[in-house]
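**Student:** Residue numbers (the numbering used here): 1 to 59.
(1) Along the chain, where does the alpha helix (DSSP H) that runs through residue 25 open and close?
(2) Whole-angstrom Cβ separation of residue 6 and residue 27, contact assumed at under 8 Å?
(3) According to DSSP, simplified to helix, strand and coil, what is residue 44?
(4) Identify the residues that DSSP records as bridge partners of residue 38: which are they?
(5) I need the DSSP call for residue 59, collapsed to helix, strand or coil.
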């Protein structure tokens, strides 16, 4: 959540090649979907998506 406060949505959309999003949860859902991060039953893995974003931010 803090990263979205620090970084403009347009920048995140460009970096992750995402369409516009309106919330942190929607952003993480789109990242998880784009990166193929799924749990059992095809549920999007929001935790894995958050880890990806954090790792990218720290690089």
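Ideal placement from N, C-alpha and C gives every residue a C-beta, glycine not left out.
**Tutor:** Looking at the atomic coordinates:
(1) Segment 24-35, the alpha helix (DSSP H) holding residue 25.
(2) No, residue 6 and residue 27 are not in contact; Cβ-Cβ is about 13 Å, not under 8 Å.
(3) strand
(4) 44
(5) coil
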